[in-house]
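Visitor: These protein sequence lines map, in sequence, to chains A and B. This note's numbering puts the first residue of the first sequence at 1, with every later residue one more than the last. This note's numbering puts the first residue of the second sequence at 1, with every later residue one more than the last. Note that CB positions come from ideal geometry on N, CA and C, so glycine has one too. Every value quoted in this text rests on a predicted model; they were computed, and no experiment measured them.
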Amino acid sequence: MVKTVPGQPGGSPAGLRAAGRRLTGRHLPGGPGPAGQYTARERAAALVRRRHLAPYILVLPSVVAIGALVLWPAIQIGLFSFQNYGLPQVTGAAGTDWIGAGNYTAILSDPEFWLSLRISLIFAAVVVPLTLLTGTLVGLLLNRLGRRMATFVSGAALLAWATPAVSASVIFVWLADPDGGVVDWTLSRLPHWLGGGAHWASFSWTNSALPAYTLLTVLLLWQGFPFIAVTVLAGLKTVPVELHESARVDGAGPWRIFWRVTYPLLKPIFLVLLLLSVIWDFGVFTQVYIVIGELGNRDEYNLGIYAYDRAFSNPPSYGAASALAFILTVVLLIITVGYVRASVKQGAIS
Amino acid sequence: MRRAGLNGLGLLVALVTLFPIFWMVSTAFKPATEIYSLTPHPLPAHPTLANFRTVIDGSVIGIPYWNFLKNSLFVTVVAVAASSLIAMLAAIALARFRFRFRTSYLIMLLIVQMLPQQALVIALFLDFRRLNLLDSLVGLILVYTAFALPVTIWMLRNFVAAVPREMEEAAAIDGAGPLRIFWRILLPLTAPGLVATSVFAFIFAWNEFVFALTFLGTDTAKYTLPIYVQYFYGRGSVDWGGIMAASTLFTIPVMVFFLIVQRRMVNGLVAGAVKG
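#1: Straight-line CA distance for Gln118 (chain B) to Leu49 (chain B)?
#2: Give every residue of the same chain whose Cβ lies closer than 8 Å to the Cβ of Ser313 (chain A), excluding the five residues on either side of it in the sequence, and list them in chain order.
#3: Which stretch, first to last residue, makes up the alpha helix (DSSP H) that contains Tyr85 (chain A)?
#4: To the nearest angstrom, how far is the alpha carbon of Leu142 (chain A) from that of Pro254 (chain A)?
#5: Please confirm whether Tyr233 (chain B) has its beta-carbon closer than 8 Å to some beta-carbon of chain A.
#6: Thinking just about the alpha-carbon of each residue, which of B:Ile153, B:Ala191 and B:Phe250 is nearest to the one in Val163 (chain B)?
#7: Quick check: the region 102–114 of chain B against the region 331–344 of chain A, are at least 3 beta-carbon pairs closer than 8 Å?
#8: Can you name the start and end residues of the alpha helix (DSSP H) that Trp205 (chain A) belongs to?
#9: Nearest chain B C-beta to Gly31 (chain A) closer than 8 Å, yes or no?
#10: What first and last residue would you give for the alpha helix (DSSP H) that runs through Gly92 (chain A)?
#11: Would the beta-carbon of Trp98 (chain A) fall within 8 Å of that of Gln76 (chain A)?
#12: Determine the DSSP secondary structure at Ser59 (chain B), reduced to helix, strand or coil.
#13: Does DSSP classify Ser37 (chain B) as helix, strand or coil?
#14: Beta-carbon separation of Ser277 (chain A) and Leu132 (chain A) under 8 Å?
#15: Any idea what DSSP makes of Ser317 (chain A), helix, strand or coil?
#16: Between Leu58 (chain A) and Leu179 (chain B), is the Cβ-Cβ spacing less than 8 Å?
#17: Where does the unbroken alpha helix (DSSP H) through Arg144 (chain A) begin, and where does it stop?
#18: Within 10 angstroms of its Cβ, does Tyr263 (chain A) collect 16 or more other Cβ (buried), or is it exposed?
#19: My understanding is that Ser188 (chain A) touches Ile86 (chain B), with C-beta atoms under 8 Å, so please give their C-beta distance in whole angstroms.
#20: Quick check on this structure: which residue in B:Ala146, B:Ile243 and B:Met244 has the alpha carbon closest to the alpha carbon of Val64 (chain A)?
#21: Considering only the beta carbon of each residue, do Ala229 (chain A) and Ile122 (chain B) sit closer than 8 Å?
#22: Rounding to the nearest angstrom, what Cα-Cα distance links Phe209 (chain B) and Leu233 (chain A) in this structure?
#23: Buried or exposed, going by whether 16 or more other CB atoms sit within 10 Å of the CB of Ala157 (chain A)?
#24: Quick check on this structure: which residue in A:Thr91, A:Ala162 and A:Val261 has the alpha carbon closest to the alpha carbon of Pro240 (chain A)?
#25: Looking only at C-alpha atoms, which of B:Ala212, B:Gly5 and B:Phe182 sits nearest to Leu140 (chain B)?
#26: Got a sec: is the Cβ-Cβ distance from Trp174 (chain A) to anything in chain B below 8 Å?
#27: Straight-line CA distance for Ala323 (chain A) to Trp240 (chain B)?
#28: Would a C-beta distance cut-off of 8 Å place Ser104 (chain B) and Thr152 (chain B) closer than the cut-off?
#29: Could you work out which residues of chain A lie near Ile243 (chain B), taking near to mean beta carbons separated by less than 8 Å?
#30: Going along chain B in order, which residues have a C-beta closer than 9 Å to the C-beta of Trp185 (chain A)?
#31: Report yes if the C-beta distance between Gly180 (chain A) and Tyr36 (chain B) is below 8 Å; otherwise report no.
#32: Ignore the nearest five residues each way along the sequence and tell me which others in Ser204 (chain A)'s own chain have a CB closer than 8 Å to its CB.
#33: Since I believe Phe99 (chain B) is in contact with Tyr56 (chain A) (beta carbons under 8 Å), could you give me their beta-carbon distance rounded to a whole number of angstroms?
#34: Am I right that Met114 (chain B) and Ile279 (chain A) are in contact with their C-beta atoms under 8 Å? What's the rounded C-beta distance?
#35: Against Trp222 (chain A), what residues of chain B qualify as contacts under a CB-to-CB distance less than 8 Å, listed in chain order?
#36: Would you kindly check if the distance between the Cβ of Leu303 (chain A) and the Cβ of Leu117 (chain A) is under 8 Å?
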């Protein structure tokens, strides 16, 4: 457990233990018996030491678990996407039916696919900048607030962050409910110049794509900004106070200080936050599933919901669903490559 | 003046952020006449426990609330324990050893964390169907353990790395074996980190929706709490009082957890977020 450099026997616990034994002349459990006979357990331990197997044994359970339950399903999605895979294949009535790129050509000429892809893209393009901007502003605010106020605001943000996706979704659907919801009530009482008016009374937010995704934007902003704020705040704490002070002495305003001092220093953090937000908002599922009222309103599907619908609505089409899921996965993986590279640059992989 | 402006802004942000949560709790205590009144009131005029009674009786679904609480607790606790144990082993390997494929392993963790669950659920559903793991809490435990691992390993690695190597070396010189070093030095010193990562795993498993929704399709007795809340919501005539009460009961434990470990959470996040 103490080893760093392979091939340096004195650095391993075994070596240290042997050294300890030599020094004290004491027999320790695990060492060779008095007659020089090695038990199977001791021989195995010696093998582990000699081959430096310890780290591999330690990572093995996690590799097996992740491999079997995350990586293998991802590979299977790829395989299924080239098959005609429906109920007959599931029940065993028909064998594996490879159809080449059939699912993909069908998808490319499927207007529902393009609609769902467009919804996913536009949604991410709107929500990501909004969340980053709000989160950063709140992070900057938290950094300037007094201790007690900062605790109160970050506590509130923490509660929003802690709210499970299912709860947050049903809360926002209720807030925007046409009968008794507080959003419609407020909007219908707002003055006209603020966009209010009687036409908001009983306005349904969930029955068509634009209002539904407007509601989802507010919902994901509410759930997403605390993480950004807390991370930005943590980054701000690492910026030396002297830097800001000297910039201020030199006559720089807050705007200039942010762009010339804070932003360059926190740029790596912002890059990671940007990529994480894109991945989350492009792949959002639970909130959309609940806000659009489960499956059925096909013109409100995003890419993930569409893939899920093809797999789990009757009749199931696992092949087509896998092709959609594979496209979703590939898009996310491309963004993830950027995320991994940003992490490597930051020295996270060390 | 400037201070007052900032405080005012802070107060505004906090109140806007708290409003949805406040509205959930407030609705949960309102009788139906107030919930559907034409003028919504912030606080219930005649607070009632009727909504909570509906939820706990489980009259909507025919099974009392405790059953779902038990399912959720069982799945979550087992998954957290399993993933913490497996992640601890991996974290020790990452923090204390240089080995081949170490970098590939780290990159694999980063990538795996980003795979969309609604995509993988399709293949896992078919696998679990073949293995008879659908409508089973065991299947959920397996999935939650595996999916909690990347983040848990990633975070724990920093906590293990923070333990001074010299302490372990000193113990080794004094004749302590690897297991003893683990129990007496590494485990106590990484305990705060273990708490923080467990909380992350707990929240993930407690909140998880997609897998539970898909795997527990027909057997309502096996539902976990998120699916129970969703079931309440998915009925034709919407009982907002009941939904908000169910959602409150489901959400409060997570919030309490969050607030208790707040400082460690943020520290753990900094360890995870700022460095990676």
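Guide: With the structure as the only source:
#1: About 37 Å.
#2: Cβ-Cβ distances below 8 Å link Ser313 (chain A) to Leu295 in the same chain, with the five nearest sequence neighbours on each side left out; the list follows chain order.
#3: That residue, Tyr85 (chain A), is in no alpha helix (DSSP H); it is neither H nor E in DSSP.
#4: Straight-line Cα distance between these residues: approximately 15 Å.
#5: Contact of Tyr233 (chain B) with chain A is assigned, a C-beta pair being separated by under 8 Å.
#6: Answer by Cα proximity: B:Ala191.
#7: Using a C-beta cut-off of 8 Å, the region 331–344 of chain A makes contact with the region 102–114 of chain B, since at least three inter-stretch Cβ pairs fall below that distance.
#8: In the DSSP assignment, Trp205 (chain A) falls outside any alpha helix (DSSP H) and carries neither an H nor an E.
#9: Here Gly31 (chain A) scores only 48 on pLDDT, less than 50, and its place in the model should not be relied on; the value that follows carries that caveat. Chain B has no Cβ within less than 8 Å of the Cβ of Gly31 (chain A).
#10: Following the DSSP letters along the chain, one finds Gly92 (chain A) in no alpha helix (DSSP H), marked with neither H nor E.
#11: Going by C-beta atoms, Trp98 (chain A) is not nearer than 8 Å to Gln76 (chain A).
#12: In the three-state scheme derived from DSSP, where H, G and I count as helix and E and B as strand, Ser59 (chain B) is classed as coil.
#13: Reduced to three states, the DSSP call for Ser37 (chain B) is coil.
#14: The Cβ-Cβ distance between Ser277 (chain A) and Leu132 (chain A) falls below 8 Å.
#15: Correct three-state label for Ser317 (chain A): strand.
#16: Against a cut-off of 8 Å, the Cβ pair of Leu179 (chain B) and Leu58 (chain A) comes out as no contact.
#17: Looking at the DSSP string, the run of the alpha helix (DSSP H) that includes Arg144 (chain A) is Pro111 to Arg144.
#18: With fewer than 16 other beta carbons inside 10 angstroms of its own, Tyr263 (chain A) counts as exposed.
#19: No, Ser188 (chain A) and Ile86 (chain B) are not in contact; Cβ-Cβ is about 54 Å, not under 8 Å.
#20: Taking only the C-alpha atoms, the option nearest Val64 (chain A) is B:Ala146.
#21: At a Cβ-Cβ threshold of 8 Å, Ala229 (chain A) and Ile122 (chain B) do not count as neighbours.
#22: CA-CA distance, Phe209 (chain B) to Leu233 (chain A), rounds to 30 Å.
#23: The Cβ neighbour count for Ala157 (chain A), taken over all protein chains shown within 10 Å, is at least 16; the residue is labelled buried.
#24: Measuring from the Cα of Pro240 (chain A), the nearest candidate turns out to be A:Val261.
#25: Considering only alpha carbons, the answer is B:Ala212.
#26: Chain B has a Cβ within less than 8 Å of the Cβ of Trp174 (chain A).
#27: Note on geometry: alpha-carbon atoms of Ala323 (chain A) and Trp240 (chain B) lie some 38 Å from one another.
#28: Contact: no.
#29: When 8 Å is used as the limit between beta carbons, Ile243 (chain B) is near these residues of chain A: Val170 and Trp174, in chain order.
#30: Within 9 Å Cβ-Cβ: Leu38, Thr39 and Pro40.
#31: Going by C-beta atoms, Gly180 (chain A) is nearer than 8 Å to Tyr36 (chain B).
#32: Closer than 8 Å at Cβ, skipping near neighbours: Pro178 and Pro211.
#33: Contact flag correct, Cβ pair sits at about 7 Å.
#34: With a Cβ gap of about 5 Å, Met114 (chain B) and Ile279 (chain A) count as contacting.
#35: Result: Thr17 and Pro20.
#36: The answer is yes: Cβ separation under 8 Å.
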